[in-house]
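Residue numbers (the numbering used here): 390 to 753. The structure under discussion appears below in the form of structure tokens.
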Amino acid sequence: MNMKEKFGLYIHIPYCESKCGYCDFTSYTDQMHTIPEYLQALVKEARYYHGCVADTVYIGGGTPSCLRSGDIFNLMTALQKEIEICKDAEISIEANPNSLSREKAEEFWAAGINRLSIGLQTVQPDLLKRIGRTHIYADFQNALENAVKAGFSNISADLMYSLPGECAQQAIKSAQAIVQLPLMHISAYALRLERGTPLYGAEQPDEMQDREMFYGMKQVFEEAGFMRYEISNFAKEGYCCKHNLKYWREQEYIGLGVAAHSYYQGYRYGNTASISGYIHKIYAGQTAEVQCEKADKQLETIMLKTRLCEGIPLADLPQTKTMQNFLQMLEQHALAKRVENALVLTERGMDIHNTIVLELLKCI
Numbered sequence: 390m391n392m393k394e395k396f397g398l399y400i401h402i403p404y405c406e407s408k409c410g411y412c413d414f415t416s417y418t419d420q421m422h423t424i425p426e427y428l429q430a431l432v433k434e435a436r437y438y439h440g441c442v443a444d445t446v447y448i449g450g451g452t453p454s455c456l457r458s459g460d461i462f463n464l465m466t467a468l469q470k471e472i473e474i475c476k477d478a479e480i481s482i483e484a485n486p487n488s489l490s491r492e493k494a495e496e497f498w499a500a501g502i503n504r505l506s507i508g509l510q511t512v513q514p515d516l517l518k519r520i521g522r523t524h525i526y527a528d529f530q531n532a533l534e535n536a537v538k539a540g541f542s543n544i545s546a547d548l549m550y551s552l553p554g555e556c557a558q559q560a561i562k563s564a565q566a567i568v569q570l571p572l573m574h575i576s577a578y579a580l581r582l583e584r585g586t587p588l589y590g591a592e593q594p595d596e597m598q599d600r601e602m603f604y605g606m607k608q609v610f611e612e613a614g615f616m617r618y619e620i621s622n623f624a625k626e627g628y629c630c631k632h633n634l635k636y637w638r639e640q641e642y643i644g645l646g647v648a649a650h651s652y653y654q655g656y657r658y659g660n661t662a663s664i665s666g667y668i669h670k671i672y673a674g675q676t677a678e679v680q681c682e683k684a685d686k687q688l689e690t691i692m693l694k695t696r697l698c699e700g701i702p703l704a705d706l707p708q709t710k711t712m713q714n715f716l717q718m719l720e721q722h723a724l725a726k727r728v729e730n731a732l733v734l735t736e737r738g739m740d741i742h743n744t745i746v747l748e749l750l751k752c753i
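The structure is reproduced here in structure tokens:
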């Protein structure tokens, strides 16, 4: 990759103290003994990108905050000997409410991390228990207090809605609670239960209830100064997640660690999902990649950029008669509008984003 170009850096920490009932991410609860070797392997993998420059960093998981005291500080120190991290870089880390102690928060701050994403999901104790979360709302409040005292001001919270047994009033109550807190960013995702997870098949709110929840929460967020900038993300002015914007804008990024993905020079790469396999390959001086494919530029441009409230540049869409007719139909049905030189989906359009994407692809 071009070492002069700034890129995003993703670091995957695949360890969790317990597995949530809905989780299908690559994470493990029985591999804690591999942590020291794994962290060393991350640094070794970073050497492949020696001299590259990152202007965003995102440490995700898994649960990065479940690592031992000093692990994240030492990891960041070692990585910066291989990869240059800009002085003004956005550096994010994910944390669970019940593992973000004051000591951990101070360690993260000392390591140069300047943005926290804390997984709340809901303020309702019965719903937290139902989806397999081990914290309560008070734990989240304590974690937030620890973060603020450590120096953090750029803090995000994750919420989920359409949980099994949830009603609109409960989802809205969660939104009302957290907008009172010192947060700058909120992600609000509808729970999608994947095959193979313990909760798969559990009865969830129907589509009408799902939309009632989302728009009720959205109103609360916007009245509190959080503006929607992507289908599921809200931020106060100047606090959009710069790293995630790289994904949606198709900018280059590299991923370190188990199951991490990279995108550069028009290709997508994916690492092995096995911790032992990853460690073995890296220590043997091999790449951990098990996937390499040329990105489908038009498909990904349409799929990703239409998620953003800034829209997709019209120049990114084929100027065919079929496409122009479809864009006109979207406008006539108030599903999209042209703003300057971009096509922007309306709220109604965002509701059926997947359908619109499929129809746009048919027009290529």
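We put the CB at the ideal spot given by N, CA and C, even for glycine. Just so it is clear, the structure is predicted and the values come from calculations on it, not from any experiment.
| query | residue 549 by DSSP, collapsed to three states: which one? | reply | Position 160 of the sequence shown, counted from the start, is the residue given in the question as residue 549. Looking at residue 549 - three-state DSSP - the assignment turns out to be strand.
| task | Go ahead and pull the three-state DSSP assignment for residue 410. | result | Here residue 410 corresponds to residue number 21 of the sequence shown, with the count starting at 1. Reduced to three states, the DSSP call for residue 410 is coil.
| message | Considering just the uninterrupted stretch of the beta strand (DSSP E) at residue 473, what are its terminal residues? | response | Residue mapping note: residue 473 aligns to position 84 of the sequence shown, counting from 1. Element bounds for residue 473: 473 to 484.
| task | Determine, using beta-carbon pairs with one atom in the region 508 to 517 and one in the region 399 to 408, whether at least three such pairs fall under 8 Å. | result | no
| field | Residue of 716, 710, 511 minimising C-alpha distance to residue 702 | value | Sequence index remark: in the sequence shown, residue 702 carries index 313 (1-based). Relative to the Cα of residue 702, the nearest Cα in the group 716, 710, 511 belongs to 716.
| task | Give the straight-line distance between the Cα atoms of residue 394 and residue 627, rounded to the nearest whole angstrom. | result | Your numbering for residue 394 matches position 5 in the sequence shown. Your numbering for residue 627 matches position 238 in the sequence shown. Distance between the alpha carbons of residue 394 and residue 627 is about 23 Å.
| Distance between residue 576 and residue 494 (C-alpha atoms, nearest Å) | Here residue 494 refers to the residue found at position 105 when the sequence shown is read from its first residue. Here residue 576 refers to the residue found at position 187 when the sequence shown is read from its first residue. Roughly 21 Å separates the two Cα atoms.
| message | Taking the straight line between their C-alpha atoms, what separation do you get for residue 523 and residue 510? | response | In the sequence shown, counting from the first residue as 1, residue 523 sits at position 134. In the sequence shown, counting from the first residue as 1, residue 510 sits at position 121. Straight-line Cα distance between these residues: approximately 11 Å.
| task | Could you pull out every residue in the same chain whose Cβ sits closer than 7 Å to the Cβ of residue 649, ignoring the five residues on either side in sequence? | result | Counted from its first residue, the sequence shown places residue 649 at position 260. So the list reads 399, 401, 660, once near-sequence residues are dropped.
| Just to confirm, are residue 488 and residue 452 a CB contact at a threshold of 8 Å? | In the sequence shown, counting from the first residue as 1, residue 488 sits at position 99. In the sequence shown, counting from the first residue as 1, residue 452 sits at position 63. Cβ atoms of residue 488 and residue 452: closer than 8 Å.
| request: Note down the Cα distance separating residue 449 from residue 483, rounded to an integer number of angstroms. | output: One-based indexing of the sequence shown puts residue 449 at position 60. One-based indexing of the sequence shown puts residue 483 at position 94. For residue 449 and residue 483, the distance between alpha carbons rounds to 5 Å.
| said: Under 8 Å: do the region 432 to 443 and the region 460 to 476 share three or more Cβ pairs, one atom per stretch? | reply: yes
| Exposure of residue 358, with buried meaning 16 or more beta-carbon neighbours within 10 Å | Residue 358 falls outside the range modelled here, since the chain spans only 390 to 753, and no answer is possible.
| What is the DSSP secondary structure of residue 584, counted as helix, strand or coil? | Here residue 584 refers to the residue found at position 195 of the sequence shown. Assignment of residue 584 by DSSP, reduced to helix, strand and coil, places it in the coil class.
| query | What do you get for residue 748, buried or exposed, if any count of 16 or more other CB atoms within 10 angstroms of its CB means buried? | reply | For this step, residue 748 is matched to residue 359 along the sequence shown. By the 10 Å Cβ count, residue 748 comes out exposed.
| Which residue's Cα is closest to the Cα of residue 462: 428, 476, 443, 687? | Here residue 462 is taken as the residue at index 73 of the sequence shown, counted from 1. Among 428, 476, 443, 687, the Cα nearest to that of residue 462 belongs to 428.
| message | Output needed for residue 637: all residues of its chain with C-beta closer than 8 Å, excluding positions within five of it in sequence on either side, in chain order. | response | Counting from one through the sequence shown, the residue named residue 637 turns up at place 248. The answer, listed in chain order, is 619, 693, 694, 696, 697.
| said: Quick check: the Cα distance between residue 548 and residue 508, rounded to an integer number of angstroms? | reply: Position 159 of the sequence shown holds residue 548. Position 119 of the sequence shown holds residue 508. So the alpha carbons of these two residues sit roughly 7 Å apart.
| Under the three-state reduction of DSSP, which class applies to residue 754: helix, strand or coil? | With the chain covering 390 to 753 only, the question about residue 754 has no answer from this structure.
| task | Could you check which residue in 418, 443, 422 has the C-alpha nearest to that of residue 640? | result | Taking the sequence shown and counting its residues from 1, the one referred to as residue 640 is at position 251. The shortest CA-to-CA distance from residue 640 to any of 418, 443, 422 is the one to 443.
| How far does the alpha helix (DSSP H) with residue 692 in it reach, from first residue to last? | The residue you call residue 692 lines up with position 303 of the sequence shown. Run containing residue 692: 686 to 694, per the alpha helix (DSSP H) assignment.
| said: If we require 4 or more residues per run, which alpha helix (DSSP H) segments fall completely within the region 416 to 444? | reply: Runs of the alpha helix (DSSP H) inside the region 416 to 444: 424 to 435.
| said: With three or more beta-carbon pairs closer than 8 Å as the criterion, would you say the region 524 to 542 touches the region 581 to 591? | reply: No contact exists between the region 524 to 542 and the region 581 to 591.
| Inter-residue spacing [alpha-carbon to alpha-carbon] between residue 647 and residue 552 | Reading the sequence shown from its first residue, position 258 is the one you call residue 647. Reading the sequence shown from its first residue, position 163 is the one you call residue 552. In a straight line, the C-alpha of residue 647 is about 29 Å away from that of residue 552.
| Run through DSSP, which three-state label would residue 556 get? | Translated into the one-based positions of the sequence shown, residue 556 becomes position 167. Correct three-state label for residue 556: coil.
| task | Would you please state the rounded distance, in angstroms, between the beta carbons of residue 474 and residue 512? I believe it to be under 8 Å. | result | Translated into the one-based positions of the sequence shown, residue 474 becomes position 85. Translated into the one-based positions of the sequence shown, residue 512 becomes position 123. Their Cβ separation, rounded to whole angstroms, is 35 Å, which puts residue 474 and residue 512 out of contact at 8 Å.
| message | Three or more C-beta pairs under 8 Å: does that hold for the region 588 to 604 against the region 717 to 731? | response | No, because fewer than three Cβ pairs between the region 588 to 604 and the region 717 to 731 fall closer than 8 Å, the two stretches do not touch.
| Beta-carbon separation (whole angstroms), residue 683 vs residue 652, contact threshold 8 Å | Here the question's residue 683 lines up with position 294 in the sequence shown. Here the question's residue 652 lines up with position 263 in the sequence shown. Contact doesn't hold; Cβ gap of about 11 Å is too wide.
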